[in-house]
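Which chain is which? The protein sequence lines are B and W, in order.
The number in my numbering is simply the position in the first sequence, starting from 1, with 767 added.
The number in my numbering is simply the position in the second sequence, starting from 1, with 12 added.
Note that the Cβ used here is the ideal one computed from N, Cα and C, for glycine as well.
As structure tokens, the structure follows; a few thoughts come after it.
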Amino acid sequence: MTVAETLSVGDAPISADRVLLTLDRVAKRYTRGREIVTIFDDLSLDINAGDFVSVMGPSGSGKTTLLNLLGGLDRPDAGAIIFDGAPIQGLSQSQLSAWRSRDVGFVFQFYNLMAHMSACRNVELPLLLSKMNRNERRRRVETALDIVGLLDRKRHKPRQLSGGQQQRVAIARALVADPKLILADEPTGDLDRATATEILEMLQLLNRDLGKTIVMVTHDPAAANYSTRQLHLDKGQFQERRDE
Amino acid sequence: MNDFALMLSGLAQKKIRTILISFSILIAFFIFVVLSAFQTSLSGTSDTGIENRLVVMNKISPTQSLPVAYNQRLQTLPGIQDVSYFQWFGGYYQDQKATITTYAVDPESFVRINSDLSLPSEQVEAFLNQRDSVMIGRALADANGWGLGQRLPLSSNIWRREDGGYTWSVIVRAIFEEPVTGISDDWAFVHFAYFDDARAFAKDHVSTFLLETVDASQNPQIIQSIELEFQNSHAEVKAVTQAAYAASFINQTADFGAVLIGVTLASFFSILLITATAMAGAIAERSNEIAVLKTLGFTSPRIGRIVVGETLLLTIIGGGLGIGAAWFAVDALRNADQFFSTMTITPMTLASTFAMVVGLGISAAAIPALNAMRIDVISVFQKD
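In structure tokens form, the structure reads like this:
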């Protein structure tokens, strides 16, 4: 059984060039005191299944807000976000939670692992939201840790791992439930160059070999070069450069 | 791993804090259970077999006596099955400080009413047939090395004999093995007639009548009829249930029930505040972890349930250990001193304690759980 088969929950594979995620005229505003700050107004974007999209932009351009919207952690003030053909902005909190647990994996800049849990328990967390039995969960956790090369560290707690290793555990956690979409917020922002390269190569592998759709926010042009599609977000609009 | 493992893991994060809070809860419930057991022993409610027993004493004071002739009149009243009577002897053996709880009893009715005393029938016969007999409990016999047939000079620090002495010579003719309701196994019982014939004053008078009624549910009416029967006599009586009689002793110095409730409420609310504050602090410290769980797809109600479960687990661990420690302490007290021999942890005490443990857990978890459910993922990650 291949790694992809092991992690598959049984959905039909997503074919490339099919639109997985659409932002349709999305607007997002914040109130700061009496001032209303517009982050985006009329922002539109299609992300195809199998894309590895990097989003760059100056601080305050709304990169993280974009990621929060894509992950259903925040709601747009106007417009629609359509995932796999279904709008998500109207879902209730519990429906959004269920959707995230099923379809979205998250990778954070500071890993956000549970400090008191071993690597395998951290990776297992998303699977607690499924109906999988213990053996199935263990098999998946081991496969995910194997993919990121940390199976031999499965009993280690985060403090016993290097930063790069912790981020690999976080990637395994994002991967283990076989989501269609992985959202990564500055995944290499806290790592040295060599380790960052390892992590980026790993994300590239997930995209290329496992067909995961990835949206990565980064400040680092070198990191963006690992993506297949680079977006620059500034003044509420995208500018795009496609990797040929 | 499951949600229970997450609860355990939450508790394990700050072991010292968890241990200290558990210990506070342990102490609170330990005190509550021990005091409850003590109150149970005082009120006599630990035994369900005495509801149909009434105690009749002088209306003015339990220290005032009643004519022993009331015995016949009490027996004729409706609803009364049996009547016995006794007089506090105030005994000691050789040394006035070596007091022995001793009663002068009517032997036949005493044996009838206390038919659950464990001793051979030949000893019962011997006790009944010889007026200078004394029946003692096994603990008293063992403590003094006394055996059957042994003659004892049993002295009273209250009653003087007609011959000027204070000592009644009695022979041990019966030894009961275990304490029973209302009777400790370090007590002694002598014949009332043997005692009364020799004492210099208050002859033909007793301090207390002990009655058995046919139907405990009729006790209020029977009590009324007893008190009416002796109204306007030279020695009016007061009748109470045996449980109320036992409780009245301790209530002479303090309302023990009120003390127990006060102590319990104070400790309950202290522990509630301590636990709730500690859990609220723990949740605040773990807001990042909770935000991560929410991001992964854990719903707010599920996170709330995990926090409630974690707090409940904490109180159950502390409360459970407290109940266990109290169990051993009550057992040790029972064996150490006869004064505590009737202390009992009743099923009702266990049930009410467990309900309090659960109530504490849920109450203490309410605000922390609400805080955890309200954690806003975006705000938490922005702080990073």
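Residue i burial status per 10 Å Cβ neighbour count (16 or more: buried)
i: Phe16 of chain W; result: exposed
i: Asn231 of chain W; result: buried
i: Pro954 of chain B; result: buried
i: Ser58 of chain W; result: Note that Ser58 of chain W scores 44 on pLDDT, short of 50, meaning its location in the model is unreliable; the coordinates nonetheless yield the value given after this. The residue in question, Ser58 of chain W, is buried, as its Cβ has 16 or more Cβ neighbours within 10 Å.
i: Thr60 of chain W; result: Unreliable positioning characterises Thr60 of chain W in this predicted model, as indicated by a pLDDT of 47, which lies under 50. A coordinate reading is not provided.
i: Gln1006 of chain B; result: exposed
i: Asp144 of chain W; result: exposed
i: Ala779 of chain B; result: Low per-residue confidence applies at Ala779 of chain B: pLDDT is 41, beneath 50, and the placement is therefore not dependable, though the value from the model is reported in the following sentence. Ala779 of chain B should be labelled exposed.
i: Ile28 of chain W; result: exposed
i: Glu891 of chain B; result: buried
i: Arg935 of chain B; result: buried
i: Ile390 of chain W; result: exposed
i: Ser885 of chain B; result: buried
i: Asn70 of chain W; result: buried
i: Phe213 of chain W; result: exposed
i: Ile387 of chain W; result: buried
i: Ala251 of chain W; result: buried
i: Ala40 of chain W; result: buried
i: Val342 of chain W; result: buried
i: Arg867 of chain B; result: buried
i: Thr75 of chain W; result: exposed
i: Pro893 of chain B; result: buried
i: Asp818 of chain B; result: buried
i: Ser73 of chain W; result: exposed
Host beta strand (DSSP E) of residue i (start-end)
i: Lys250 of chain W; result: Val249 to Thr253
i: Lys795 of chain B; result: Val786 to Arg799
i: Leu324 of chain W; result: Careful: Leu324 of chain W lies outside any beta strand (DSSP E), inside the alpha helix (DSSP H) at Ser312 to Ala348.
i: Pro165 of chain W; result: Arg163 to Ser168
i: Arg65 of chain W; result: Arg65 to Asn70
i: Tyr115 of chain W; result: Thr114 to Val117
Boundaries of the alpha helix (DSSP H) in which residue i is found, first to last residue
i: Phe873 of chain B; result: Phe873 of chain B -> not in any alpha helix (DSSP H); beta strand (DSSP E) instead, spanning Val871 to Val874.
i: Asn244 of chain W; result: Run containing Asn244 of chain W: none; DSSP gives neither H nor E here.
i: Leu89 of chain W; result: Looking at the DSSP string, Leu89 of chain W is not in any alpha helix (DSSP H), and its letter there is neither H nor E.
i: Glu134 of chain W; result: Ser133 to Asn141
i: Gly269 of chain W; result: Phe268 to Glu297
i: Val822 of chain B; result: It is not in any alpha helix (DSSP H) - Val822 of chain B instead sits in the beta strand (DSSP E) that spans Phe819 to Met823.
i: Met884 of chain B; result: Here Met884 of chain B belongs to no alpha helix (DSSP H), and DSSP marks it neither H nor E.
Listed by chain order, chain B residues near residue i by CB distance under 7 Å
i: Ala24 of chain W; result: His883
i: Glu301 of chain W; result: Met881
i: Ser127 of chain W; result: The premise fails here: Ser127 of chain W is roughly 59 Å from chain B at the closest Cβ pair, so nothing lies under 7 Å.
i: Val389 of chain W; result: Leu840
Listed by chain order, chain W residues near residue i by CB distance under 8 Å
i: Glu891 of chain B; result: Met13
i: Gln860 of chain B; result: Thr311 and Ser312
i: Leu896 of chain B; result: Leu308, Gly309 and Phe310
Whether residue i touches residue j by CB criterion (8 Å)
i: Ser994 of chain B; j: Val871 of chain B; result: no
i: Ile283 of chain W; j: Ser36 of chain W; result: yes
i: Pro191 of chain W; j: Ser353 of chain W; result: yes
i: Ser196 of chain W; j: Gly103 of chain W; result: no
i: Ala963 of chain B; j: Ala990 of chain B; result: yes
i: Leu863 of chain B; j: Gln1004 of chain B; result: no
i: Ala186 of chain W; j: Val136 of chain W; result: yes
i: Glu297 of chain W; j: Leu23 of chain W; result: no
i: Val184 of chain W; j: Leu160 of chain W; result: yes
i: Ser127 of chain W; j: Val95 of chain W; result: no
i: Ala256 of chain W; j: Asp198 of chain W; result: no
i: Ala384 of chain W; j: Ile33 of chain W; result: no
i: Thr980 of chain B; j: Ala847 of chain B; result: no
i: Leu326 of chain W; j: Thr30 of chain W; result: yes
i: Phe221 of chain W; j: Leu129 of chain W; result: no
i: Thr361 of chain W; j: Thr52 of chain W; result: yes
i: Lys972 of chain B; j: Gln933 of chain B; result: The displayed chain sequence assigns Leu, not Lys, to residue 972 of chain B. No. Outside cutoff.
Neighbour list for residue i in chain W, Cβ cutoff strictly below 7 Å
i: Ile865 of chain B; result: First, the amino acid is wrong: residue 865 of chain B is Ala here, not Ile. Neighbours of Ala865 of chain B on chain W, chain order: Gly309.
i: Arg888 of chain B; result: Met13
i: Ser868 of chain B; result: Leu308 and Gly309
Chain W contact residues for residue i, given Cβ-Cβ distances below 9 Å
i: Leu837 of chain B; result: In chain order: nothing, as chain W lies at least about 12 Å away.
i: Phe873 of chain B; result: Val304, Thr307 and Leu308
Neighbour list for residue i in chain B, Cβ cutoff strictly below 9 Å
i: Ser21 of chain W; result: Met881, His883, Met884 and Arg888
beta-carbon residue i near the ligand NAD non-hydrogen atom, thresh 7 Å
i: Asp349 of chain W; result: As presented, the structure is devoid of all ligands, the ligand NAD included, so that no description of it is given.
### Task
Would you check if there are 3 or more beta carbon pairs closer than 8 Å linking the stretch 108-120 of chain W to the stretch 265-280 of chain W?
no
### Query
Do the stretch 817-828 of chain B and the stretch 998-1007 of chain B meet, that is, are 3 or more Cβ pairs less than 8 Å apart?
yes
### Query
Quick check: the stretch 876-888 of chain B against the stretch 946-966 of chain B, are there 3 or more CB pairs under 8 Å?
yes
### Query
At a cut of 8 Å, does the stretch 375-387 of chain W reach the stretch 77-90 of chain W through at least three beta carbon pairs?
no
### At least three beta-carbon pairs within less than 8 Å, the stretch 835-849 of chain B to the stretch 897-909 of chain B
no
### Message
Measuring CB atoms only, is the stretch 790-798 of chain B touching the stretch 965-973 of chain B, in the sense that at least three cross pairs come out at less than 8 Å?
### Response
no
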